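Asks: These protein sequence lines map, in sequence, to chains W and A. Under our numbering, the first residue of the first sequence is numbered 1, with each subsequent residue one higher. Under our numbering, the first residue of the second sequence is numbered 1, with each subsequent residue one higher.
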Amino acid sequence: MLVLSRQRDETIMIGDAVEITIVDIRGDKVRLGITAPREIQVHRKEVYEAIRAENTAAARVQVDDLAAADRQLRSNHTRRNGAANSVARP
Amino acid sequence: MRIETSRFGTVEVDDARTIRFPKGLLGFPNHTDYVLLEAGDDSYFWWLQSTQTPDLAFVVTDPGVFVPTYKVPLREEQIEDLGAATLDEVQVFVIVNKRENMLTGNLQGPLIVGVRERVGEQLVLSDRRFTTRVPLMEMANKVRAASA
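1) Could you check the C-alpha separation between V124 (chain A) and V47 (chain W) for me, to the nearest Å?
2) For F28 (chain A) and V30 (chain W), what's the separation of their Cα atoms in angstroms?
3) Pairing CB atoms from the stretch 39–55 of chain W with CB atoms from the stretch 115–135 of chain A, are three or more of them under 8 Å?
4) Determine the chain W residues that contact P135 (chain A) at a beta-carbon separation under 7 Å, and present them in chain order.
5) Quick check on DSSP: helix, strand or coil for V47 (chain W)?
6) Rounded to whole angstroms, what is the Cα-Cα separation between L36 (chain A) and R71 (chain W)?
7) Just reading off the beta strand (DSSP E) that Q198 (chain A) is part of, what are its end residues?
8) For S86 (chain W) and chain A, any beta-carbon pair shorter than 7 Å?
9) Using C-beta distances below 6 Å, list every residue in its chain close to L111 (chain A), excluding the 5 sequence neighbours before and after it, in chain order.
10) Which residues in chain A sit within 9 Å of A36 (chain W), going by Cβ to Cβ distance?
11) Please identify the residue among W:A58, W:Q62 and W:D64 whose C-alpha is closest to the C-alpha of L25 (chain A).
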């Protein structure tokens, strides 16, 4: 790992297109500003890892695991609402 | 198009039904091509089946059915990247997991798909209200015979 020291408002470049700026330092917390092209996704590592791990676990689900689910949902009279749209403007 | 699947054997699907995830899914960066298979008549679930690896498939569902308050905020660029013109052309799915008797949904890493171009992406949400294991439903236990 490359370890660099930076002060507030200073910037690190990664390749030509990624910039990381120290926006604020307060006690234990550092606020970082990241500029990167759209194709490069930037995430907190622990969240990324959690999703990756959950994907991997979910890939093990088999048909039998679902077997009773639909029957149970129908018998609970839950209406299947295909029109519900879970997207919104930020 | 004929695809091999470990769960359903050989399945015949219209080529036009392929959904492409250019970045793959997290942990599966090279698995870009999938089809949605219904889990049954009038089911609440689908299988997102890889067309590249027979054994790779995910149960997905519409999170709106189980968590009506769930909203995925999308920026213009994200909508455009899916080949969609408006929010109405974007469909959200979440990957379902099963732990013991609970079906859970990964609401922190939803799949968004532009329905027109059939291009999708797995998002990483920073909203901490929704986790990778949001309970969707508990499966009722089968009645067990009493032991002596």
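Heads up, the beta-carbon is just placed ideally off N, CA and C, and yes, glycines get one too. Quick caveat: nothing in here was measured; it's all calculated off a predicted structure.
Replies: So, to answer that:
1) In the second sequence, residue 124 (chain A) corresponds to position 124, counting from 1. In the first sequence, residue 47 (chain W) corresponds to position 47, counting from 1. In a straight line, the C-alpha of V124 (chain A) is about 7 Å away from that of V47 (chain W).
2) Residue numbering aside, residue 28 (chain A) sits at position 28 when the second sequence is read from its first letter. Residue numbering aside, residue 30 (chain W) sits at position 30 when the first sequence is read from its first letter. Straight across, the Cα-Cα distance linking F28 (chain A) with V30 (chain W) is about 31 Å.
3) Yes, the stretch 39–55 of chain W touches the stretch 115–135 of chain A.
4) If you number the second sequence from 1, residue 135 (chain A) lands on position 135. By Cβ distance, chain W contributes nothing, its closest Cβ being about 13 Å from P135 (chain A), past 7 Å.
5) The residue given as residue 47 (chain W) occupies position 47 in the first sequence. The answer is helix: DSSP assigns V47 (chain W) an H, G or I state.
6) Within the second sequence, numbered from 1, the residue matching residue 36 (chain A) stands at position 36. Within the first sequence, numbered from 1, the residue matching residue 71 (chain W) stands at position 71. Their backbone Cα atoms lie some 21 Å apart in a straight line.
7) No information on residue 198 (chain A) is available, as it lies outside the stretch 1 to 148 that chain A covers here.
8) Reading the first sequence from its first residue, position 86 is the one you call residue 86 (chain W). At a cut-off of 7 Å between C-beta atoms, S86 (chain W) counts as an interface residue with respect to chain A.
9) Numbered from its first residue, the second sequence carries residue 111 (chain A) at position 111. For L111 (chain A), same chain residues with a beta-carbon under 6 Å away, outside a window of 5 residues either side, are F93, G120 and Q122 in chain order.
10) Locating residue 36 (chain W) in the first sequence gives position 36, where the first residue counts as 1. Those do not exist, as A36 (chain W) stays about 13 Å from chain A at its closest Cβ, beyond 9 Å.
11) For the purposes of this step, residue 25 (chain A) is identified with residue 25 of the second sequence, where counting begins at 1. Closest by C-alpha distance to L25 (chain A), out of W:A58, W:Q62 and W:D64, is W:A58.
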